[in-house]
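These notes are about the structure you will find just below.
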Amino acid sequence: MTFYEELEPDKPGMLYEKMADHLARRIKRGDLPPDTRLPAERRLAQEYGVSLGTARHATELLRSKGLVITVPCKGTYVAGVGRSSEPSAARSTLLAFRP
C-alpha cells in the first residue's frame, strides 16, 4: 500500500506539491516528530508510488519551507522547529558542515 491515493492525483495540481503537503501534515500531526530522519528519497518515492524526481521535488519544497534539513552524508531530518531556542541536533550538525 502506498500514500498515492491520499495525494488525490486526479485533482489539479502538481504531484510533488501534494506530496510535500502530505508530508508537512504528517510533520505537524507529530507522525514525523522533530529530529526524525525521513526515509531516503528512493524509499519515499516507493512509499508514495511516485517517481524519484517527484520525491526529490517534494523534499526540496519541504527544505525551502524550513520543515526539513538535509545533512550531507547523513540524510534528511524533520526540523526541530518551535521546541526551544536551542537548535535541534540535526540543525547543529548541518551548521557544522557549512564552510
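Taking this note's numbering, I'd label the letters of the sequence shown as residues 85 to 183.
Virtual Cβ for every residue (Gly too), placed ideally from N, Cα, C.
Every value quoted in this text rests on a predicted model; they were computed, and no experiment measured them.
Compare the beta carbon distance of residue i and residue j with 8 Å and say whether it is the shorter of the two.
i, j, result
"residue 147", "residue 154", "yes"
"residue 119", "residue 162", "yes"
"residue 106", "residue 116", "no"
"residue 100", "residue 133", "no"
Name the residue from the options whose alpha carbon lies nearest to the alpha carbon of residue i.
i, options, result
"residue 121", "92, 98, 90 and 143", "143"
"residue 145", "103, 89 and 87", "103"
"residue 157", "124, 132 and 131", "124"
Exposed or buried, residue i, counting other C-beta atoms within 10 Å across all chains shown (16 or more means buried)?
i, result
"residue 129", "buried"
"residue 136", "exposed"
"residue 86", "exposed"
"residue 150", "exposed"
State the start and end residues of the unbroken alpha helix (DSSP H) segment that holds residue i.
i, result
"residue 59", "Here the chain covers residues 85 to 183 and nothing more, so residue 59 does not appear."
"residue 132", "125-132"
"residue 100", "99-113"
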